[in-house]
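Undergrad: Here it is, the structure in full.
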Amino acid sequence: MDKVLGDKIPEFNKKQAGGGNVGLSGASFSLGDHRSKFEILVIILVAVVIIGGMELTLHILKVPQYVLPKPSLIITALFTEWKFMWPHILITLYELLTGFAIGASIGFVLAAVITQFPFVEKIVTPYILLLVTTPMLALVPLLILRFGFGSEPRIIAIALASGPMVMINAATGFRRVDLAKIALARSFGASTLQIFTKIRIPMAMPMIIVGLMVGSIFGLLTAVGAEMVGGAEGLGNRLTYYSALIRMPQFFSIILILAFMGISIYVFFFWLGKKWASWEA
Amino acid sequence: MLTCRARLTARSLLRIPRICNIISELALVRRESHNVSIMEKAARNSGSGVARAVKMAIRDASKFYQTRSGAVHALDNVSLDVREGEFLCILGPSGCGKTTLLWSMAGLHTLSSGDITLGNEKITKPHPEIAMIFQDANLLPWRNLIKNIELPFELKRRAPDRARINMLLERVGLTGFENKFPRELSGGMQQRASIVRSLSVDPSVLLMDEPFGALDAFTRDEMNLLIQEIWMETKKTIAFVTHSISEAIFLADRVAVMSARPGRIAEIYDIDIPRPRSIDIQTQPDFIKRILDIKSRIEHGRGAKLAIT
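Line by line, the protein sequences give chains A and B. According to the numbering used here, the first sequence holds residues 4 to 284 in order. According to the numbering used here, the second sequence holds residues -9 to 299 in order.
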């Protein structure tokens, strides 16, 4: 009898709504949900029209190269100069990954620990806000004085920029405790550590991923900015270098590379969110 | 045989038009009380039901909550026995401390004074023999159904008892839904999954905290039937918290009625309706009389309170 009941009850698919997402991911997580082939085609078409239009307009109006180079020239520069740009890409990536790894780990651990102690959280939060709102780029000249022109000052700046972002978002996630779920785990004899790994972290996961996404984008901004301020390597440095020489196609191909890096970061965390935090959407 | 016939007459008497109602009810009451005594004697003679051993004992349990606006007295000297294999319903208005009592029995709350024992063991923390079923199913939304059900095993670092889980899933009609996520299941299915989760570790005591409160009336009836069947099959000791009088009477061997602020046991009713009980019995005069009895007891307690304030 009960088996029949089970079969009768329809499935409750809640796929239609993308709303109710958290924080900054709200718009982004639902952006890439279900796209038909037609929509993808239109998106590509728009890109072709814009790039082709630019090429044509710049050609007809005879806009000089130092004002705005033609897309074809930018692409050509990307290929011909690739071997000179590649080491700089690696350096920026290295700085970004190292700085972000340090910042994100510290931010995550701090968030996890601090949210367990409301008093500590209240004391620490204003200082974290200070770190979030102050542009860490401002510290780079100071850091260069202390650490020289290597990648250390940039890594520190990236960590300082991304860490608080991760922390503040992860803390929001950890603060959303569902006491009933914790009681459930406890009623089955869960230890404090198990409650943390099986309940608290998964529950905070959507916000943690948002924090990682925002933090890494902030890290990229800071990386490029810091390279522009000082030092002789990295993509930010290349931007100042090429613009000083008025080599605009090369300049724009660097921007293209940076845009690609930003999009890749976004897509990666989008995928991660789908994998680990889709239950909330 | 004799009891049956007496009941039938009582029932047919009630069908007489309204003017006769009072007389017939009086008759019914008299006959009922007569019946009860006969049944109780029968039960005593056969040795079932009445003289059951005590499974969990609550002694002088008191609980104060510290809130910003001062201390709240949630439980006041509650003493209650849960007998081996019985279905006990704890009934009371919202805020009467019945959930506090149940959570204390589960070892999830500590008492301010008094103690709760399971056999000879004092309950101060969750006990493996006791499983809790929560309001709104309480499934973890990031795990699919089977992963939710295997959670207790995972927490105890044991391999899940697949055979038992599959048997239980089959029993509640959830076979084939193992890979669904909670949001893809209806409220009733979620609660059935949570019942499977609790039973999978084979506890001897099942504590249920208003498990069907959020379900619609039809699903609730289904669930009540299901839990009655499961109880009759498994012989678990069940303590079931509810604020629905009819649900309590339908399910329980005994109904403990609690009064509010501070929570006390006001009265304990024996419900000797034979099992299996069908949903239809809820419309029978005897059942309704029991509801009115308990209702008047609760309202009486509340009325006295209102008169004071």
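The beta carbon of each residue, even a glycine, is placed where N, CA and C say it ideally should be.
#1: Helix, strand or coil: how does DSSP classify THR232(B) here?
#2: Please report whether the beta-carbon of PRO209(A) lies at a distance below 7 Å from any beta-carbon of chain B.
#3: Could you spell out the range, first to last residue, of the beta strand (DSSP E) harbouring GLU140(B)?
#4: Nearest to ALA174(A) by CA position, among MET264(A), PRO138(A), LYS184(A), GLY214(A), is which residue?
#5: Which residues of the segment 169 to 193 of chain A have a Cβ closer than 7 Å to any Cβ of chain B? Give them in chain order.
#6: Along the chain, which unbroken stretches of the alpha helix (DSSP H) at least 4 residues long are found entirely within the segment 121 to 174 of chain B?
#7: Look up THR57(B) in the DSSP assignment and give the residues it is bridged to.
#8: Might you give, ordered along the chain, the residues of its own chain that have their beta carbon closer than 7 Å to the beta carbon of LEU275(A), omitting 5 neighbours on each side?
#9: For TRP85(A), does the count of other Cβ atoms within 10 angstroms reach 16, so buried, or fall short, so exposed?
#10: Three Cβ pairs or more, each shorter than 8 Å: is that satisfied between the segment 89 to 98 of chain B and the segment 151 to 167 of chain B?
#11: Is there a Cβ of chain B sitting closer than 7 Å to that of GLN197(A), yes or no?
#12: Kindly confirm or deny that the segment 64 to 81 of chain B and the segment 46 to 55 of chain B touch, where touching means at least three C-beta pairs closer than 8 Å.
#13: Leaving out five residues on either side along the sequence, give the residues of the same chain with a beta carbon under 6 Å from the beta carbon of PHE143(B).
#14: At the level of alpha carbons, what is the spacing between SER234(B) and GLN274(B)?
#15: Who are the neighbours of PRO118(B) on chain A, taking C-beta pairs under 7 Å?
#16: Give the C-beta separation of ILE220(A) and ILE268(A) to the nearest angstrom, bearing in mind that I take them to be a contact with Cβ-Cβ under 8 Å.
#17: For the segment 121 to 137 of chain B and the segment 181 to 199 of chain A, state whether three or more C-beta atom pairs, one from each stretch, are separated by less than 8 Å.
#18: List, in chain order, every chain E residue whose beta-carbon is nearer than 9 Å to that of LYS65(A).
#19: Is the segment 183 to 203 of chain B in contact with the segment 212 to 227 of chain B, if contact means three or more CB pairs nearer than 8 Å?
#20: Return no unless some Cβ of chain B is closer than 7 Å to the Cβ of PHE273(A).
#21: With DSSP as the reference, please indicate the residues paired to CYS79(B) in a beta bridge.
#22: Going by DSSP, what residue range makes up the beta strand (DSSP E) through THR107(B)?
#23: Please report the distance separating the alpha-carbon of ARG251(B) from that of VAL62(B).
#24: Taking only three categories from DSSP, how would you classify ILE263(B)?
#25: Quick one: grab the DSSP three-state call for SER219(A).
#26: What are the start and end residues of each continuous beta strand (DSSP E) run of 3 or more residues lying completely inside the segment 221 to 281 of chain A, in chain order?
#27: If we define contact as Cβ-Cβ less than 7 Å, is SER33(A) a contact residue for chain B?
#28: What residue range does the beta strand (DSSP E) around MET198(B) cover?
#29: Have a look at GLU174(B) and GLN180(B) and give me their C-alpha separation to the nearest angstrom.
#30: DSSP on ILE48(B), reduced to helix/strand/coil?
#31: Do three or more CB pairs link the segment 79 to 96 of chain A to the segment 236 to 243 of chain A at distances below 8 Å?
#32: Since GLY75(B) contacts LYS225(B) with CB under 8 Å, what's their CB separation in whole angstroms?
#33: Please tell me whether TRP282(A) has its Cβ less than 7 Å away from any Cβ of chain B.
#34: If you draw a straight line from the alpha carbon of PRO83(B) to that of ILE139(B), how long is it in whole angstroms?
#35: Name, please, each residue of chain A whose Cβ falls closer than 7 Å to the Cβ of PRO142(B).
#36: Under 6 Å Cβ to Cβ from PHE171(B), same chain only, skipping five residues before and after it: list those, please.
TA: So, to answer that:
#1: strand
#2: Taking Cβ atoms only, chain B never reaches closer than 7 Å to PRO209(A), which makes this a no.
#3: Unbroken run through GLU140(B): none, as it is neither H nor E.
#4: Out of MET264(A), PRO138(A), LYS184(A), GLY214(A), GLY214(A) has the C-alpha closest to the C-alpha of ALA174(A).
#5: ALA183, LYS184, ALA186, LEU187, ALA188, ARG189, SER190, PHE191, GLY192, ALA193
#6: 135 to 139, 141 to 145, 152 to 162
#7: GLY60(B)
#8: Non-local beta-carbon contacts of LEU275(A) in its own chain, meaning distances under 7 Å to residues more than five positions away in sequence, involve ILE212 in chain order.
#9: exposed
#10: no
#11: yes
#12: yes
#13: PRO150
#14: 17 Å
#15: GLY192
#16: With 8 Å as the limit, ILE220(A) and ILE268(A) qualify as a contact, their Cβ atoms being about 6 Å apart.
#17: yes
#18: As a matter of chain content, chain E is missing from the structure shown, whose protein chains are A and B.
#19: yes
#20: It does not: the Cβ of PHE273(A) has no partner Cβ on chain B nearer than 7 Å.
#21: PHE230(B), VAL245(B)
#22: Counted as a single uninterrupted DSSP element, the beta strand (DSSP E) harbouring THR107(B) occupies residues 103 to 108.
#23: 8 Å
#24: coil
#25: helix
#26: For the segment 221 to 281 of chain A, not one full-length beta strand (DSSP E) segment reaches 3 residues or more.
#27: Caution applies to SER33(A), whose pLDDT of 46 falls short of 50 and renders its modelled position unreliable; the value that the coordinates give is listed next. SER33(A) does not count as touching chain B.
#28: It spans 195 to 199 - the beta strand (DSSP E) in which MET198(B) sits, taken as one unbroken run.
#29: 9 Å
#30: strand
#31: yes
#32: 5 Å
#33: yes
#34: 31 Å
#35: PHE191
#36: ASN134
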